[in-house]
Amino acid sequence: MLKKLFQSFRPPVPGQHHRRTTPEVINKSQHSLQRHQFSRHAVNIVERLQSAGYQAYLVGGCVRDLMLGITPKDFDVATSATPEQVRAEFRNARIIGRRFKLVHVHFGREIIEVATFRAHHSEDDQGDSHRSSHNASGRILRDNVYGTLEEDAQRRDFTINALYYDPVSERILDYANGVHDVRNRLLRLIGDPTHRYQEDPVRMLRAVRFAAKLDFGIEKHTFQPIRKLAPMLREIPPARLFEECLKLFLSGQGAMAFEMLVDLELFEPLFPASAHALDERPTYTHTLISQALSNTDLRVKQGKPVTPAFLFAALLWPALPSRVLHLQSQGVPPIPAMNGAAHDLIAEQCARIAIPKRFTLPIREIWDMQERLPRRSGKRADLLLDNPRFRAGYDFLLLRESAGEQTDDLGQWWTDYQEANDSERREMIRELGSRDEGGAGTARKRKRSGGKRKRSGGDEAFE
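Heads up, the sequence shown is in the numbering used here, so the first residue is 1 and it goes up one at a time.
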């Protein structure tokens, strides 16, 4: 799998160095960027800061994306002005963050993020916990050491994110051969990869996200340390990992990101129970998660809404059946076993990735629907159809079937029921009752004889 995923990875160009003390200057005749492509508010911020005597540039993803013909989602500014000096220039600005101080300048619904040039941390800086702080493994806990433009370029993570565009002169300043890497679709860390990952293990997830999102190869020295350092993700605050997972899986390339996470052994630190299920039932678990992510990718590309609740329900579902069966083997009835297993699984996952309650409740409701959808007799089918979670539960049922679960064509029955008129629906319920009555004697006989029902797939364990 590694060869398949990383076959586009390209080695570094011989003799190429990405540490520079002076930038390569790419004049406007040498690149395709034009100032009108950038947010006018971001351009105005740069011009205003420069007029006030500060250095200021558009930087990072907006420059990279426009070079690739992608419409940027946001526009960031880097400047020599401190956060307090930026706030003094703009009445509509507020300082945010403690670990990494930034300024948000508000223009209606658009927010432009302004960051002060950062520098590498020195021993003197380490003595001031308000500016600089690391833990024992080298992870940066606080990063408010300000520096020069050159130092800021070296503090950035990937070469393709270290490009500075000046909308006044319309030049690009490149300190890390980022233009070369953009044009060659190559992802490369600035500096020693092991050290940079130790500073911030989330950079490993960012490498996966950018490679998947941009369809870039990853330079070999950039991906080689990842497996060894993957356990460091357990040190990252769960709330931050939730935000990173949203970026990974809701970018439109979630299925590819999942493949890379598994191959680089980054999936287990994020989803330990699901990684165990992937080891125990690889085909089913991989198929279900991949299909869920592929469906999400398609919706993102079509501009349709996506919900993290459905996605996390799919990511965690393969770990649920064995837990339910374990509780049932201890004498817990099916529904309480389902509820107990779901509660414990979500609680364990939230200790690793802080999924907010506004999503954990719908996850439970989607799973609960899988227990209720087989129960269609009498008026239950119509009541389920009116349930606000029916559609999500029905879609999840189809997802399970696409992964190979045997549900006695339950998904097709619900598809037909939704398309049927009232009289056809009543007939479907009657046929369902007749079938249940026809099998009742056999079921009672099996129960009396003490025979055990064979369980296969996932949700039969819940019935």
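Where a beta carbon is used, it is the ideal one built from N, C-alpha and C, also for glycine.
Does DSSP put residue i in a helix, a strand or coil?
i, result
"Glu24", "strand"
"Phe310", "helix"
"Ile218", "strand"
"Leu187", "strand"
"Phe38", "coil"
"Asn44", "helix"
"His180", "helix"
"Lys213", "helix"
"Gly433", "helix"
"Ser32", "coil"
"Gln302", "coil"
"Asp200", "coil"
"Ala420", "coil"
"Ile236", "coil"
"Pro334", "helix"
"Glu151", "helix"
Could you please give the first and the last residue of the uninterrupted beta strand (DSSP E) stretch that includes residue i?
i, result
"Ile172", "Arg171 to Asp174"
"Leu250", "Counting along the chain, Leu250 falls outside any beta strand (DSSP E), and DSSP gives it neither H nor E."
"Leu163", "Leu163 to Asp166"
How long is the line joining the alpha carbons of residue i and residue j, rounded to whole angstroms?
i, j, result
"Glu348", "Asp422", "44 Å"
"Gln253", "Gly331", "43 Å"
"Val103", "Arg364", "38 Å"
"Leu384", "Phe242", "31 Å"
"Ser290", "Val168", "46 Å"
"His221", "Arg188", "8 Å"
"Gly97", "Pro237", "15 Å"
"Asp128", "Ala119", "Only weak support is given to the placement of Asp128: the predicted model assigns it a pLDDT of 45, under 50, and the question is left unresolved by the model."
"Glu371", "Val324", "12 Å"
"Ala392", "Ala342", "17 Å"
"Ser377", "Asp74", "52 Å"
"Leu229", "Gln198", "8 Å"
"Leu173", "Leu49", "18 Å"
"Glu265", "Cys245", "15 Å"
"Val43", "Pro305", "31 Å"
"Ala403", "Ala319", "14 Å"
"Pro231", "Val202", "11 Å"
"Pro334", "Asn177", "60 Å"
"Pro336", "Met369", "14 Å"
"Leu311", "Tyr394", "14 Å"
"Gly303", "Leu233", "31 Å"
"Arg35", "Tyr57", "12 Å"
"Ala351", "Ser274", "14 Å"
"Ala88", "Ala212", "39 Å"
"Arg453", "Pro269", "Residue confidence is low: Arg453 scores 34 on pLDDT, short of 50, so the model does not pin down where it sits. No coordinate-derived value is stated."
"Val182", "Ala207", "14 Å"
"Gln473", "Glu151", "Absent from the structure is residue 473, since the part of the chain shown begins at 1 and ends at 463."
"Arg426", "Val262", "47 Å"
"Gly60", "Ser39", "14 Å"
"Leu278", "Phe216", "27 Å"
"Pro72", "Gln55", "23 Å"
"Leu315", "Leu149", "42 Å"
"His276", "Pro282", "9 Å"
"Thr116", "Tyr146", "7 Å"
"Leu205", "Phe249", "11 Å"
Could you tell me which residues DSSP puts in a beta bridge with residue i?
i, result
"Phe158", "Leu189"
"Tyr146", "Arg118"
Determine the extent of the alpha helix (DSSP H) in which residue i is found, giving its start and end residues.
i, result
"Phe329", "The amino acid at residue 329 is misidentified as Phe; the sequence shows Ser. Ser329 -> alpha helix (DSSP H) spans Leu320 to Ser329."
"Ile226", "Ile226 to Leu229"
I'd like the ranges of any beta strand (DSSP E) spanning at least 3 consecutive residues and lying wholly in the stretch 49 to 118. 56 to 59, 76 to 79, 93 to 96, 102 to 107 and 110 to 116
In chain order, which alpha helix (DSSP H) runs of at least 4 residues are fully inside the stretch 339 to 417? Counting only runs of 4 or more, we get 357 to 372, 380 to 386 and 390 to 402.
Quick one: which unbroken beta strand (DSSP E) runs of 3-plus residues sit fully inside the stretch 252 to 294? Chain order, please. You should have found no qualifying run.
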